[in-house]
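Visitor: In terms of the numbering used here, the first sequence opens at residue 11 and continues consecutively. The beta carbon of each residue, even a glycine, is placed where N, CA and C say it ideally should be. Remember, it's a predicted structure, so these values are computed and weren't measured experimentally.
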Amino acid sequence: MENKLFIYNTLSRKKEEFKSINPNSVGLYVCGPTVYGDPHLGHSRPAITYDILFRYLNHVGYKVRYVRNITDVGHLESDGDVGEDKIAKKARLEELEPMEVVQYYTDRYHQYMDQLNVKKPSIEPRASGHVIEQLQLVDDILAKGYAYESNGSVYFDVDKYNETNNYGRLSGRNTEDMLSTTRELDGQTEKRKSYDFALWKKAAPEHIMRWPSKYSDGFPGWHLECSAMSARYLGTEFDIHGGGMDLLFPHHECEIAQSTVANGHTPARYWMHNNMITINGQKMGKSLGNFITLEQFFNGNHELLEQAYNPMTVRFFILQAHYRSTLDFSNEALQAAQKGMERLLEGCSKLDKLEPGSESSFDVKDLSDKCYAAISDDLNTPILIAHLFEGLKWINTILAGKASLKEEDLEALKALMNTMVFDILGLENSEQTSGGSDQLLDETVNLLLSLRVDAKTNKDWATADKIRNELQNLGFVITDTKDGFEWEIK
RNA sequence: GGUUCCUUGGCCGAGCGGCUAGGCACUGGUCUGCAAAACCAGGUACGGCGGUUCGAGUCCGCCAGGAACCUCCA
11 MENKLFIYNT
21 LSRKKEEFKS
31 INPNSVGLYV
41 CGPTVYGDPH
51 LGHSRPAITY
61 DILFRYLNHV
71 GYKVRYVRNI
81 TDVGHLESDG
91 DVGEDKIAKK
101 ARLEELEPME
111 VVQYYTDRYH
121 QYMDQLNVKK
131 PSIEPRASGH
141 VIEQLQLVDD
151 ILAKGYAYES
161 NGSVYFDVDK
171 YNETNNYGRL
181 SGRNTEDMLS
191 TTRELDGQTE
201 KRKSYDFALW
211 KKAAPEHIMR
221 WPSKYSDGFP
231 GWHLECSAMS
241 ARYLGTEFDI
251 HGGGMDLLFP
261 HHECEIAQST
271 VANGHTPARY
281 WMHNNMITIN
291 GQKMGKSLGN
301 FITLEQFFNG
311 NHELLEQAYN
321 PMTVRFFILQ
331 AHYRSTLDFS
341 NEALQAAQKG
351 MERLLEGCSK
361 LDKLEPGSES
371 SFDVKDLSDK
381 CYAAISDDLN
391 TPILIAHLFE
401 GLKWINTILA
411 GKASLKEEDL
421 EALKALMNTM
431 VFDILGLENS
441 EQTSGGSDQL
451 LDETVNLLLS
461 LRVDAKTNKD
471 WATADKIRNE
481 LQNLGFVITD
491 TKDGFEWEIK
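1) If you count every other CB in all the chains shown that lies within 10 Å of the CB of F301, and 16 or more means buried, which is it?
2) Hey, R78 and H140 are a contact pair by Cβ (cut 8 angstroms); roughly how many whole angstroms apart?
3) Quick one: what's got a C-beta closer than 6 angstroms to S160's C-beta in the same chain, skipping five residues either side?
4) By a C-beta neighbour count over all protein chains shown, 10 Å radius and 16 as the cutoff for buried, is G252 buried or exposed?
5) Using CA atoms only, rank isn't needed, just tell me which of I62, E186, V45 is closest to Y114.
6) Touching or not, the region 308-319 and the region 268-275, by the rule of three or more beta carbon pairs under 8 angstroms?
7) With distances taken between CB atoms, is the gap from V40 to Y72 smaller than 8 angstroms?
8) Whole angstroms is fine: what's the gap from A153's alpha carbon to Y66's?
9) From what residue to what residue does the alpha helix (DSSP H) around R242 run?
10) For L423 and V112, I'd like the C-alpha separation in whole angstroms.
11) Between E235 and the rest of its own chain, which residues show a CB-CB distance below 8 angstroms, the 5 nearest in sequence each way excluded?
12) For G52, count the other beta carbons within 10 Å of its own beta carbon; 16 or more makes it buried, fewer makes it exposed. Which is it?
13) Go through its chain and collect everything with a Cβ distance to S507's Cβ below 8 angstroms, but skip five positions before and after it.
14) For a test of the three-state rule: what should DSSP assign to N284, helix, strand or coil?
15) Among I434, L458, M219, which has the Cα closest to the Cα of F495?
16) In whole angstroms, give me the CA-to-CA distance for S444 and V455.
17) Reducing DSSP to helix, strand and coil, say where I17 ends up.
18) Count the other CB atoms, across all protein chains shown, that sit within 10 Å of the CB of I142; report buried if there are 16 or more and exposed otherwise.
19) Going by other Cβ atoms of all chains shown within 10 Å of its Cβ, with 16 needed for buried, is H310 buried or exposed?
20) Per DSSP, what kind of secondary structure is E498 in: helix, strand or coil?
21) Using the Cα positions of Y119 and T246, report the straight-line distance between them to the nearest angstrom.
22) Please name the residue in E305, H397, A346 whose C-alpha comes closest to that of T323.
23) Can you tell me the Cβ-Cβ gap for F259 and S181, rounded? I've got them flagged as a contact below 8 angstroms.
24) Based on Cα-Cα distance, which residue from S460, L435, D48 lies nearest to M351?
25) Below 8 angstroms CB to CB, which residues in the same chain sit around F16 once its five sequence neighbours on both sides are set aside?
26) Taking 8 angstroms as the threshold (C-beta atoms), are M282 and I250 in contact?
27) Thinking just about the alpha-carbon of each residue, which of K492, F339, I488 is nearest to the one in I499?
28) Tell me the residue span of the beta strand (DSSP E) that contains G37.
29) When DSSP labels each residue in this structure, what does P56 get in the three-state scheme?
30) Please classify I80: does DSSP put it in a helix, a strand, or coil?
31) Measure the alpha-carbon distance for D124 versus L304 and round it to whole angstroms.
32) Relative to the C-alpha of K212, which residue among R220, L38, F326 is closest?
33) According to DSSP, which residues form a beta bridge with Q121?
34) Is Q144 near the ligand ATP, judged by its Cβ being under 7 angstroms from some heavy atom?
35) Specify the secondary structure class of Q345 as computed by DSSP and reduced to three states.
36) Taking DSSP as the reference, what is the three-state secondary structure of E27?
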């Protein structure tokens, strides 16, 4: 592992050199989706961001245990039926068993993550399957005196915690400010301070997702699941905790507080937060109802979409911005991403056609160093991609016969491009280039195009153009080369 | 109101105080029977006003505009 990885740690608000707790392994926890709706573009940002991290850590030789949870219980809703669990509400609306809703949207999430070529995490635990662990955590925190019972619910005592700790060290807030800004919510009267948060919540009678406990029939608090599941699968201290910036406060702040009481220290050493995807300058999200689902992106069926975009275009679009910057959706940006990516993938598919020469016109080692430097610098994928376009230029220049690479340099370039584009950035050729699966079609088109070559040789331009134009009308892309032709289905 | 952050060329989007980011679009050229593709060259830029510095898009201050979080959210 000669390449040092630097990641921006929200805890210190600085880029830090990554050092794993154990020499060759990494524990990574990422907050996953709440499965009560279809996955939208916003969900793809953390999935892809931490997918890159996962892939890169693996690439440089770490054994990574990547845990990404499914939230299927525990979140409260402030509007309408106050205090009702989101999952339960949706289920009643559709007259379904809540776990049926959970299963449906979990499957949908997996389906779209697969299409985006997001690798599956090592473990994908569900909150509802870890209520026992969460209750143990409640007992523990209560026993240590950092929580109190109130009317069947258990609340975390932030003031008590603040005597020896700092509630706000992650988000940079302080409790005085919080007092003046907290809104009236359900359970406010049961709490000593408005900023205290629930560890266990007594369920209202109509609440159908509930578990028995010595406190009440209820459900675990909003922030407990990640503390419980990360500790179970990664230990009480692990390397990296990731999630969206919108979870920084209160979710991650609460996680830190809970785990600090339970275990005496912060659960994770590095906290990473991806920024939001915006649409017309505003966060794309469930609350604002301004989201476009991944299904809609892939089939183009949304009023804001000028066309369908294939999953790799969406992936490339996201990777062209740094993960800590907001990224604004627009058709123009997506289309630009699509064209650039197609050109890059096209170049990669031509790598095998390159023949070694006697001289090397380019410094492959230097390009390789730059690529690794970029990805190691807090996953700077836009810089990495910029360098890959440099590699693309080389490939095309060599193809045009205007430059060359010695055999070992050529092999190095092939390896570099394939590693970066496919292994680390996780792009893939979603469409069959040249040919397709139908052999009969292949031969037919080749026959037509070889007739065209004959026509060209005879300077019969009318026939040559007719063949090309007709094929283009049918959706083929015809490219003339020095000694023949290439084609693909658009 | 508080906390954190952003404002870069036609569009998207990187930028470590001094060295061409990159992509898309555009213009000219090379190649080609023509085109396409490819390559070469080119033009536009750092919200405003001050300050620090030999030197600032990059640091500091103020102003303007915007965002996220403070409530479930990726």
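Guide: This is what the structure gives:
1) buried
2) Not quite, the Cβ-Cβ distance comes to about 14 angstroms (not below 8 angstroms), so this is no contact.
3) E200
4) buried
5) V45
6) no
7) no
8) 41 angstroms
9) 234-244
10) 46 angstroms
11) N79, T81, V83, G84, A137, H140, Q144
12) buried
13) Here the chain comprises residues numbered 11 to 500, so residue 507 is not present and cannot be evaluated.
14) strand
15) L458
16) Because the pLDDT at S444 is just 43, under 50, the model does not fix this residue reliably, and the value given afterwards should be weighed accordingly. Each residue's Cα considered, the two are about 11 angstroms apart.
17) strand
18) exposed
19) The amino acid occupying residue 310 in the given sequence is Gly; His does not appear at that position. By the 10 Å Cβ count, G310 comes out exposed.
20) strand
21) 28 angstroms
22) A346
23) 4 angstroms
24) L435
25) K25, E26, E27, F28, S386, D387, D388
26) yes
27) I488
28) 35-40
29) helix
30) strand
31) 12 angstroms
32) R220
33) Its beta-bridge partners do not exist; DSSP assigns none.
34) As for the ligand ATP, it is missing from this structure, which has no ligand bound.
35) helix
36) strand
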